[in-house]
Each structure stands twice: as C-alpha cells, then as structure tokens.
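Trainee:
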Amino acid sequence: AQSVTQPDIHITVSEGASLELRCNYSYGATPYLFWYVQSPGQGLQLLLKYFSGDTLVQGIKGFEAEFKRSQSSFNLRKPSVHWSDAAEYFCAVTGSARQLTFGSGTQLTVLP
Amino acid sequence: EAGVAQSPRYKIIEKRQSVAFWCNPISGHATLYWYQQILGQGPKLLIQFQNNGVVDDSQLPKDRFSAERLKGVDSTLKIQPAKLEDSAVYLCASSLAPTGVDEQYFGPGTRLTVT
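Chains A and B, in that order, are what the protein sequence lines are. Mapping of the first sequence onto this note's numbering: position 39 corresponds to residue 39, and the numbering continues sequentially without gaps. Numbering-wise, this note's numbering comes out as the position in the second sequence, counting from 1, plus 112.
As structure tokens, this is what we get:
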C-alpha cells in the first residue's frame, strides 16, 4: 500500500527566510508525487507535480521540489517566503492504483 | 473557467440525523472524487466516479454513506444516520481524465459538524 509521511506538523519561519517542507513516501514502483496548498476555507491548490524526468520540478508561486528516489523523499522548497505563503501544505502520492494518498499536512506560519 | 462548486459550505446537525452535500464539477471533467478531511489529517478518498459509474468506493462506509452522480455531471454525497466521528470537511474534486496522474481540481469543501 502507498503512504506519505510529513514529519513536521507545524513550521514557523520569518518572512524572507528560506523554507523546506519534508515529505517521505512509500510505494513499490515509480510514484507520481504532488504538493498541494490549502488556505483557510479554501480547497486544495496544486503547487507542483512529479511524474518522470528531471528530478527537480518547478511549481507555481516560486516553489520547487526535488525527487530523491534513494531517500524516498519529495521535499518542497522556497528560497524566500512571503507572508501570503502561510497555509497548510500537503504532499500526496499515487501510482498504478490511481488513488491519491495524502500526508497529514504541515502547517506553515510566517512571522513578519 | 468556473471551478468546482460545492454546497452548502457549512452544516451543523445532530447525531442520527441525515445530511446531503452537492458538488458540481468543472465542465467536461469525466472523473469526480469525494474526500473526507478530518481535522489535523490529510484528505481521504471516499469514492471516485468516472462519468456516472463508480470506479472506487473501497473506503466509503456503505452502511451510512451513499453517493450518486446522475447523468455524469453533478454529484450528491449523503450520510444517514450521521455519527459524531463524521464531523469533517467534505471535499469534492474533479479531473479531466480518468487517471490518478491527472491534476485534480478541488472545491472549497463543506464543513460538517455533528453534535
């Protein structure tokens, strides 16, 4: 069965600082990986996705993520965080089962 | 283009009552999903439709939950009778192609509180 672990429940960073959100997955074959963001009262919005090819993928809002097969990780990064990035972030995986499995999320707080 | 629409946005009911949620996916999207998101957790798939047929309902508590997608467009999710543990946000999503790798577009969700 596929699964996703987001080890950090809550992260606080100062505006302008760099950000890295961790994601580890479990899946027997090549996974398809996603990062979604959820703002209060909003649905989930796709930030980026990895299907194959270049292991460093660029997304919207200046986010990027790197797929590392050897570490079963797909960490999300941003070089300089803005106050508007405060939200909850979800990593998700799917494969041949074609079913999205989400992690439990990381809540991001941005300090002025 | 219009996004995924859901109603109501909020609902408060007492346990053992029934409730229904409505979803209108993005026009032309063949696949529709219902997720349950309990506070502090990620969304969990309840049921997946392709057009008006069920693709996966393995995690739907069928003794109390039911869903339909008539004419392959709008969908309704019903809970009858509700339990306290059903308190959650119910998210509807749709995608163009019937594969898990296609981007899913999510609605704003319906927040259900069961007292």
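Even glycine gets a Cβ: it sits at the ideal position worked out from N, Cα and C. It should be emphasised that the depicted structure is a prediction, and the values quoted were computed from it without experimental measurement.
For B:K156, which beta-bridge partners are listed by DSSP?
Mentor: DSSP output for B:K156 lists B:Q148 as bridge partner(s).
Trainee: Using a Cβ cut-off of 8 Å (strictly closer), state whether B:V166 contacts chain A.
Mentor: So no, B:V166 is outside the interface.
Trainee: Can you list, in chain order, the residues of its chain whose CB lies under 6 Å from that of B:W134, leaving out five sequence neighbours each side?
Mentor: Excluding positions up to five away in sequence, the list reads S119, T188.
Trainee: Spatial neighbours of B:N215 within its chain, please: CB distance less than 7 Å, with the 5 preceding and 5 following residues excluded, ordered by chain position.
Mentor: It is worth fixing the name first, because residue 215 of chain B is Glu in this sequence and not Asn. Only S207 meet the Cβ criterion.
Trainee: Kindly give me the distance between the Cβ atoms of A:A65 and A:F51, rounded to whole angstroms, as I take these residues to be in contact under 8 Å.
Mentor: The Cβ separation is near 12 Å, so there is no contact.
Trainee: Out of B:G165, B:L157, B:R121, state which residue places its alpha-carbon closest to the alpha-carbon of A:T101.
Mentor: Of B:G165, B:L157, B:R121, the residue nearest in Cα terms is B:L157.
Trainee: If we count the other Cβ atoms within 10 Å of its Cβ and call it buried at 16 or more, is A:L111 buried or exposed?
Mentor: So A:L111 counts as exposed.
Trainee: Checking contacts by CB at 8 Å: is B:L157 closer than that to chain A?
Mentor: Chain A, which has a Cβ nearer than 8 Å to the Cβ of B:L157, makes this yes.
Trainee: Using the Cα positions of B:R176 and A:F63, report the straight-line distance between them to the nearest angstrom.
Mentor: Cα-Cα distance, rounded: 41 Å.
Trainee: Is there a Cβ from chain A that is less than 8 Å from the Cβ of B:P137?
Mentor: Judged by the 8 Å Cβ criterion, B:P137 is not in contact with chain A.
Trainee: According to the Cβ coordinates, are A:V81 and A:V4 closer than 8 Å?
Mentor: No, they are not a contact pair.
Trainee: Note down the Cα distance separating A:L76 from B:R128, rounded to an integer number of angstroms.
Mentor: Their Cα atoms are separated by approximately 42 Å.
Trainee: Rounded to whole angstroms, what is the Cα-Cα separation between B:V226 and A:C91?
Mentor: Whole-angstrom Cα-Cα distance: 28 Å.
Trainee: At the level of alpha carbons, what is the spacing between B:Q160 and B:Y202?
Mentor: The straight-line gap from Cα to Cα measures roughly 14 Å.
Trainee: Kindly identify the DSSP beta-bridge partner or partners of B:R223.
Mentor: Answer by DSSP bridge pairing, in chain order: B:Y122, B:V201.
Trainee: State buried or exposed for A:W35, treating a residue as buried only when at least 16 other CB atoms are found within 10 Å of its CB.
Mentor: Looking at its Cβ environment, which holds 16 or more other Cβ atoms inside 10 Å, A:W35 is buried.
Trainee: Identify, in the order they occur along the chain, each residue of the same chain with its Cβ nearer than 8 Å to the Cβ of A:I11, setting aside the five sequence neighbours on each side.
Mentor: Around A:I11: L19, L21, T106, Q107, L108, T109.
Trainee: Rounding to the nearest angstrom, what Cα-Cα distance links B:T143 and B:K183 in this structure?
Mentor: B:T143 and B:K183: Cα-Cα distance of roughly 12 Å.
Trainee: What residue range does the beta strand (DSSP E) around A:T55 cover?
Mentor: Taken as a continuous stretch (DSSP letters only), A:T55 belongs to no beta strand (DSSP E), as it is neither H nor E.
Trainee: Using a 10 Å radius around the Cβ and a threshold of 16 neighbouring Cβ atoms, would you call A:K68 buried or exposed?
Mentor: Exposed is the call here.
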